[in-house]
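J.: So that we are looking at the same thing, I have put the structure below in structure tokens.
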Amino acid sequence: MQPSLVVIGSSNTDMVIQAMRIPVPGETILGGNFFMNPGGKGANQAVAAARLGGKVTFICKTGNDLFGAKAIELFRSEGIDTRFIVEDKDHPSGVALITVNQDGENSIVVASGANGWLKPDDIKQAEAIIRSARYILVQLEIPLDTVAYIADLATHYNVKLILNPAPACAVSNELLRRVSIITPNESEAELLTGVTIHSTPSAEEAARSLQAKGIETVIITRGEAGALLLHKNIITHVPAVKVKAVDTTSAGDVFNGALMVALSEGKAMEEAVSFACTASAIAVTRLGAQSSAPYRNELSN
Ligand code: RIB
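Below is the structure:
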């Protein structure tokens with residue numbers, strides 16, 4: 125039977141404008157195309173995992189509004205189990221305002237709305253599915269006490285927890301100890317460790333520092349430099365696939381969704397990271413968050 129994967133996190137509607145560059149404070153610039161598409165780190169990761177063949181349950185909180193209803197409809201169309209999505213009558217669905225520049229880089233501001241009210245009680249109702257999951261994947265666009273509760277459940281039921289510590293935010297060592305695999309980008313790794321990453325040796329130092337906090341496997345995503353994997357005390361540098369980036373918005377999200385699927389299929393850690401690098405390279409060649417996540421037949425393995 126296919127192992128079940130649980131993703132817990134945010135769901136947003138992304139309002140995106142493509143522009144030559146990202147404006148500085150106080151500046152108004154004229155951009156180009158505007159488009160609206162489904163996003164949110166949690167939702168992006170769930171959709172990426174489902175498209176790559178994972179059996180995914182997604183847990184999030186949406187508002188009682190059109191954005192929330194549309195998001196849930198899309199999750200269902202991807203074959204995602206939405207039974208444990210909670211509707212918040214008091215807060216609107218999350219929204220993100222995104223500017224993408226001509227190099228595919230972005231700046232994002234999130235109005236969390238209902239995402240900020242996803243509470244431990246909302247997770248509790250999904251305990252049975254969490255208990256039987258092969259992996260749980262969570263990020264930091266929901267309250268930290270909820271993430272801590274998820275980490276406790278994962279430890280209690282001996283389910284492997286993947287933490288994508290995005291957006292960057294301080295996390296207690298107590299929580300980090302409960303994480304099996306952590307997947308920061310360079311700036312998130314810097315914030316968690318205090319190590320400034322300016323080179324491969326400093327990235328290695330940051331990875332070792334995270335490992336010293338009790339995390340079994342550390343994967344630092346490094347954009348064009350690929351990914352640094354520290355697993356079983358061995359450091360491996362997995363190269364990135366060279367592409368022309370159009371929009372890097374959900375590169376990290378696709379990486380995480382793909383990583384979870386590959387691991388659940390029994391791929392070895394290095395092979396899983398390489399699979400995730402390939403999936404995220406495909407995503408950055410296309411516009412949007414969920415709209416850019418690749419399908420399994422686009423990857424060769
Ligand atoms: O990681 C990209 C995502 O961050 C966007 O989809 C946006 O909604 C924010 O959550």
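Count along the sequence shown from 1, then add 124; that gives the number in this note's numbering. We treat Cβ as the ideally placed atom computed from N, Cα and C, and that holds for glycine. All figures in this text were calculated on a predicted structure; none of them were measured in a lab.
Compare the Cα-Cα distances from I254 to each of E389, S128, S398 and report the closest residue.
T.: Of E389, S128, S398, the residue nearest in Cα terms is S128.
J.: Could you check where the alpha helix (DSSP H) with H280 kicks off and where it finishes?
T.: Where H280 is concerned, the enclosing alpha helix (DSSP H) stretches over 268-280.
J.: Would you report the Cα separation of A330 and A220, rounded to the nearest angstrom?
T.: Answer to the nearest angstrom: the Cα atoms are 30 Å apart.
J.: Closer than 7 Å: is that where the CB of K326 sits relative to any heavy atom of the ligand RIB?
T.: For clarity, residue 326 is Ser in the given sequence; the question names Lys instead. Result no, Cβ not under 7 Å from the ligand RIB.
J.: Comparing C-alpha positions only, which one of E395, A400, S374, V385 sits nearest to R410?
T.: Nearest of E395, A400, S374, V385 to R410, Cα basis: S374.
J.: Just to confirm my understanding: we take G350, look at its own chain, exclude 5 residues before and 5 after, and list those with CB closer than 7 Å. What are they?
T.: Excluding residues within five positions, the ones whose Cβ falls inside 7 Å are H361, V362, P363, A364, C401.
J.: Would you say the beta carbon of D377 is closer than 7 Å to some non-hydrogen atom of the ligand RIB?
T.: D377 Cβ: within cutoff of the ligand RIB.
J.: Do you know offhand how far G347's Cα is from Y273's?
T.: Those two C-alpha atoms are separated by around 31 Å.
J.: If I305 and E340 are in contact, beta carbons under 8 Å, what's the gap, nearest whole angstrom?
T.: So it is a contact: roughly 7 Å between Cβ atoms.
J.: Got a sec? Which residues, its chain only, sit under 7 Å from K185 by beta carbon, not counting five neighbours each side?
T.: Taken in chain order, the residues that qualify are V210, D212, A238, N239, W241, L242, D246.
J.: Kindly provide the ranges of any beta strand (DSSP E) runs that are 3 or more residues long and lie completely inside the region 195-275, ordered along the chain.
T.: The region 195-275 contains these whole beta strand (DSSP E) runs: 210-212, 218-224, 230-235, 259-262.
J.: Between the alpha carbons of V443 and K179, how many angstroms are there, rounded?
T.: There is simply no residue 443 to check, as the chain begins at 125 and stops at 425 in what is shown.
J.: Looking only at its own chain, which residues have a Cβ that is under 8 Å from the Cβ of I359, when we skip the five neighbours before and after it?
T.: Excluding residues within five positions, the ones whose Cβ falls inside 8 Å are E328, A331, L352, L353.
J.: In chain order, what residues of the same chain have a beta carbon less than 6 Å from the beta carbon of V283, not counting five sequence neighbours either side?
T.: So the qualifying residues of the chain are A257, I260.
J.: I want to check one thing, is the minimum distance from the CB of V233 to the heavy atoms of the ligand RIB below 7 Å?
T.: Checking every heavy atom of the ligand RIB against the Cβ of V233, none is found closer than 7 Å.
J.: Return yes when at least one heavy atom of the ligand RIB lies under 7 Å from the C-beta of D246, else no.
T.: For the ligand RIB, not one heavy atom lies less than 7 Å from the Cβ of D246.
J.: Given this structure, state the Cα-to-Cα distance separating V262 from L383, to the nearest angstrom.
T.: Rounded to whole angstroms, V262 to L383 spans 13 Å at the Cα level.
J.: Please report how far the alpha carbon of G133 lies from the alpha carbon of F208, in whole angstroms.
T.: Distance between the alpha carbons of G133 and F208 is about 12 Å.
J.: Determine the DSSP secondary structure at N309, reduced to helix, strand or coil.
T.: Here N309 sits in strand by DSSP.
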